[in-house]
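As structure tokens, the structure follows; a few thoughts come after it.
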Amino acid sequence: MLKLNSKIIELPRVGKVNYRLLKKLGLETIQDLLFYLPRHYDDFGKISTISDLKINTKVNIKGTIELIQSRRSFRKKMYLTEALVSNGNDTIKVIWFNQPFLSRVLKPGDQISLAGKVSYSYGQLSLVSPVYEKIQANKLIHTEGLISNYHTTERLTQKQLRFFIKEALPLMEQELVDWLPADIKTELQLLDIKEALKKIHFPDKQADILAARKRFNFAELFLSQIKVQLIKAH
535 MLKLNSKIIE LPRVGKVNYR LLKKLGLETI QDLLFYLPRH YDDFGKISTI SDLKINTKVN
595 IKGTIELIQS RRSFRKKMYL TEALVSNGND TIKVIWFNQP FLSRVLKPGD QISLAGKVSY
655 SYGQLSLVSP VYEKIQANKL IHTEGLISNY HTTERLTQKQ LRFFIKEALP LMEQELVDWL
715 PADIKTELQL LDIKEALKKI HFPDKQADIL AARKRFNFAE LFLSQIKVQL IKAH
């Protein structure tokens, strides 16, 4: 049974390679992962239509894959995966580099959500290397709304980090104890630690981020003051 002090490698789809990369970030246990806080957020709260896209803007679009294929480019050892995605009467070209598996994962007819920066390439507007998610019953966590971004390392993607953290969050419910006194939380209107972790990693709105940061900033100050008092007492 997984616990907060379990090694991250025990989470689904981590594996030895990702575990080594996570350790480079100082993350070894599931608790380390939960308290690895985002550094900033992308706001994909507005869903754009293809007809309204402008160059160099970050957008979220939803549509249907009309065509997708992978091929080797003129550059040696470089694969291109190209897709046409439509919403309404408009289509946009989507390009990924060195991810030939995408033409097996994504198929014509799939409903897809894409988040990325609009570029002008190959004589037309396009999305180059956007983050993608299939639109299914589960809530989108990589391409829609406020999307958390973390300090990471080479070959470990933001998408992977968010997935691992999403898998780890339910493990705190039974085991994580909030050390901050209840009367202080009530007086200062501070979130419980579990709620703060949920909101800091996967916020629904800006107010969630502010409330979670307030809790973590206060906790940091609180602990530093306790440390000072202990030093004085000693």
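Reminder that position 35 of the sequence shown reads as 569 in the working numbering, one-by-one numbering, no gaps.
C-beta: ideal position from N, C-alpha, C; glycine also.
As the structure is a computational prediction, the values presented were derived from the model and not from experiment.
Each of F756, K766, M612, L601 was checked against the Cα of S620, and the nearest Cα belongs to L601.
For the region 587 to 614, the continuous beta strand (DSSP E) assignments of 3+ residues that do not extend past its boundaries occur at 592 to 606, in sequence order. For the pair Y613 and P634, the CB atoms are nearer than the 7 angstroms cut-off.
Beta-carbon to beta-carbon, V593 and V665 are separated by about 11 angstroms, too far to satisfy the 8 angstroms threshold. According to the DSSP assignment, V762 belongs to the alpha helix (DSSP H) that extends over 740 to 767.
Contact annotation, L661 with L648: C-beta distance approximately 6 angstroms; criterion of less than 8 angstroms satisfied. The Cβ atoms of D712 and I727 sit closer than 7 angstroms to each other. Between the region 672 to 689 and the region 731 to 745, the count of C-beta pairs closer than 8 angstroms reaches three or more; the two stretches touch.
Looking from the CA of A746, the closest CA among F569, L636, K700, N552 belongs to F569. In this structure, DSSP gives D577 an extended state, which the three-state scheme calls strand.
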